[in-house]
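To convert, note that position 32 of the sequence shown is 1230 in the numbering used here; the numbers rise steadily by one, no gaps. Don't be surprised by glycine CBs; every beta carbon is placed ideally from N, CA and C.
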Amino acid sequence: MAQALVKLVNRGLPVWITTHSDIMFQQFNNLIALSHLPNRAETLKEMGYDESDVLDPDKAIAYEFVIEEGGTVVKPLDLMNTGFAAPSFNQTLGDLMAETIKLHDLLDDAEADAS
């Protein structure tokens, strides 16, 4: 889905999207990160992308809606070479990855003990 939307942007169409999906958001960030690779042709091919999948950071902006006392504040997100820094999404992804690794380790240990 992210690739399809980026292709529309790269064809000059304005695209607005809202999402609660940290995975979708990270995919946009990955497509931005590709734009910063100096010799990206080999990496694009290796990862199954082409130039039309690369998101020019000058064509993207992102905001985060933060609940604060008294209401919700809309804050622009900082753009880096790796994409937009979204603390709420990044924390969620990190926590989920740590949980997944722990569960895999525990299951591997249980299987080893059963053998």
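Taken in chain order, the unbroken stretches of alpha helix (DSSP H) that lie wholly in the region 1224–1254 and span 4 residues or more are 1239–1245.
DSSP places residue 1265 inside the beta strand (DSSP E), whose first and last residues are 1261–1266. With contacts defined by Cβ atoms closer than 8 Å, residue 1204 and residue 1229 form a contacting pair.
According to the DSSP secondary-structure assignment, residue 1274 is paired through a beta bridge with 1261. Excluding its 5 nearest sequence neighbours in each direction, residue 1268 has no C-beta neighbour in its own chain below 8 Å. Judged by beta-carbon spacing, residue 1227 lies within the 8 Å limit of residue 1282, meaning their Cβ atoms are closer than that value.
Excluding the 5 residues flanking it on each side, residue 1252 has same chain C-beta neighbours closer than 7 Å at 1229, 1232 and 1233, in chain order. Taking 8 Å as the cut-off, the Cβ atoms of residue 1275 and residue 1266 do not count as close. Around the beta carbon of residue 1239, fewer than 16 other beta carbons lie within 10 angstroms, which makes this residue exposed. Residue state for residue 1269 is assigned as strand, using DSSP reduced to three classes. According to the DSSP assignment, residue 1313 belongs to no alpha helix (DSSP H), since it is labelled neither H nor E.
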